[in-house]
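Asker:
Protein chains: 2
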Amino acid sequence: MRASEQIETAAADPFDALLGYHLRRLSVLVMADLTASLAPLGLKPADASILLALHSDSGMTQSDIGRRLGIQRANMAPLMAGLMQNGLVEKQAVDGRSQAVRLSRAGQAMHRQVLGLMAEHEARMFASLTPAVRQRLAKQLKALWQVIQQED
Amino acid sequence: MRASEQIETAAADPFDALLGYHLRRLSVLVMADLTASLAPLGLKPADASILLALHSDSGMTQSDIGRRLGIQRANMAPLMAGLMQNGLVEKQAVDGRSQAVRLSRAGQAMHRQVLGLMAEHEARMFASLTPAVRQRLAKQLKALWQVIQQED
DNA sequence: TATTGTTATACTCTATAACTATA
DNA sequence: TATAGTTATAGAGTATAACAATA
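Sequence order for the protein chains is A and B. Mapping to the working numbering: the first sequence position 110 is 193, numbers consecutive. Mapping to the working numbering: the second sequence position 54 is 137, numbers consecutive.
1) Quick one: residues in its chain with C-beta nearer than 8 Å to the C-beta of A:Val177, no 5 flanking neighbours on either side, listed in chain order?
2) Determine whether the Cβ of A:Ala157 lies closer than 9 Å to any Cβ atom of chain B.
3) Tell me whether A:Pro97 is buried or exposed, calling it buried when 16 or more other Cβ atoms sit within 10 Å of its Cβ.
4) Which residue comes first and which comes last in the alpha helix (DSSP H) that contains B:Ala115?
5) Would you please verify whether the beta carbon of B:Arg285 is less than 9 Å from any beta carbon of chain A?
6) Among the residues of its own chain, which have a CB less than 8 Å from the CB of A:Asn158, if the five just before and after it don't count?
7) Mind checking if B:Ile154 is an interface residue toward chain A, Cβ cutoff 9 Å exclusive?
8) How about B:Asp96: is its C-beta nearer than 9 Å to some C-beta of chain A?
9) If contacts are defined as beta-carbon pairs under 8 Å, then B:Arg151 and B:Val172 qualify, I think. What distance do you get, rounded to the angstrom?
10) Strictly under 9 Å for the Cβ-Cβ distance: is A:Leu220 near chain B by that measure?
11) Going by DSSP in three states, A:Met84 sits in which element: helix, strand or coil?
12) Could you name the residues of the same chain whose beta carbon sits closer than 7 Å to that of A:Arg156, not counting the 5 residues immediately before and after it, in chain order?
13) DSSP three-state label for A:Lys222, please.
14) Considering only the beta carbon of each residue, do A:Leu121 and A:Leu200 sit closer than 9 Å?
15) Are the beta-carbon atoms belonging to B:Ala129 and B:Ile154 less than 9 Å from one another?
Below you can see the structure in the form of structure tokens.
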């Protein structure tokens, strides 16, 4: 090891090796851009994620959606109320206590808008990565989450 | 493309391609574990990050630390007050309005404890990655942050 | 004029507890 | 007993604005 390398090693950024730090910092930055991207539609990231989930699995109850997205029941109530008020989702009674939630026609149109804005958002954030690297990264992060989640 | 693949494609998780979603979800999980890891020391992640920064660059003002870590001046005040009250840092007047902040002897000992707990934390979170992959990932995330940050 | 440090404050997100109605 | 949905509320983290003291 050359002296200059040794010096660089000694002066290494103490956060360089902390994967968690970089995860967090990048996540904050990306979330801020996503929030700004969705604002013109009058949606927050949580709203958009509900639209994506509903488009994929129509007819889930709002408790199902919460479990799927990691949002607590108590916090789902005002989120769903907002989407209902904007006419983006419709509820249909399943039994006396459960309601199947579906995207309304307006909700389907909004979903398409969300897909477009999120694609632009992801392209803007991750333009420096090749599609292959981007895909590998997404798979790695998802797999990591699954491993850790299972352990807990 | 075989029919089975087509079906799988059609049923693909709508979040699979969203790097930002996986970043966020994993970050939340990792931060929760870090918070729990540091709790026995009476520290929050923000406190620990300040100790790491100060160990690396002793004598920074608290405004310097805030800029370094992305913490606002107004929010640095109570954080520093807490560290002072626990005797972990010491201030030394630079001029009439600035004070150089350094780790006290207790702060240095605490820093060593933090390093140990954070190493365990990272090992626990990222045990499924080889050291090489882990390092590559950290570098990729740091580089991504730098690129995006510069654009903003 | 700009910067340091501080206080007050507001806003968002998330977490917990309690309640009802129903299964 | 357990679950769906709701309400109220508390906490943490972060943001802005304003101020005094100093550069």
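From the three backbone atoms N, C-alpha and C, an ideal C-beta is built for every residue, glycine too.
Answerer: Once the coordinates are examined:
1) As a position in the first sequence, residue 177 of chain A is number 94, starting the count at 1. Closer than 8 Å at Cβ, skipping near neighbours: Thr144, Ala183.
2) Here residue 157 of chain A refers to the residue found at position 74 when the first sequence is read from its first residue. Taking Cβ atoms only, chain B never reaches closer than 9 Å to A:Ala157, which makes this a no.
3) Taking the first residue of the first sequence as 1, we reach residue 97 of chain A at position 14. Flag for A:Pro97 reads buried.
4) Start at 1 with the first residue of the second sequence, and residue 115 of chain B comes out as number 32. Note, B:Ala115: alpha helix (DSSP H), 102-121.
5) Only positions 84 to 235 of chain B appear in the structure, and residue 285 of chain B is not among them; the question remains open.
6) Taking the first residue of the first sequence as 1, we reach residue 158 of chain A at position 75. So the list reads Gly149, once near-sequence residues are dropped.
7) Position 71 of the second sequence, counting from 1, holds the residue named residue 154 of chain B. It does not; no Cβ of chain A falls within 9 Å.
8) For the purposes of this step, residue 96 of chain B is identified with residue 13 of the second sequence, where counting begins at 1. By this cut-off, B:Asp96 is an interface position.
9) Counting from one through the second sequence, the residue named residue 151 of chain B turns up at place 68. Counting from one through the second sequence, the residue named residue 172 of chain B turns up at place 89. Not really, about 15 Å apart at Cβ, beyond 8 Å.
10) Indexing the first sequence from 1 puts residue 220 of chain A at position 137. Yes, contact with chain B.
11) Sequence index remark: in the first sequence, residue 84 of chain A carries index 1 (1-based). For A:Met84, the predicted structure reports a pLDDT of 47, less than 50, and the residue's modelled location is therefore unreliable. The matter cannot be settled from this model.
12) Walking along the first sequence from the start, residue 156 of chain A turns up at place 73. Ser146, Gly149, listed in sequence order.
13) As a first step, residue 222 of chain A must be located in the first sequence, where it is residue number 139. Here A:Lys222 sits in helix by DSSP.
14) Start at 1 with the first residue of the first sequence, and residue 121 of chain A comes out as number 38. Start at 1 with the first residue of the first sequence, and residue 200 of chain A comes out as number 117. Against a cut-off of 9 Å, the Cβ pair of A:Leu200 and A:Leu121 comes out as a contact.
15) Here residue 129 of chain B refers to the residue found at position 46 when the second sequence is read from its first residue. Here residue 154 of chain B refers to the residue found at position 71 when the second sequence is read from its first residue. For B:Ala129 and B:Ile154, yes; Cβs fall inside 9 Å.
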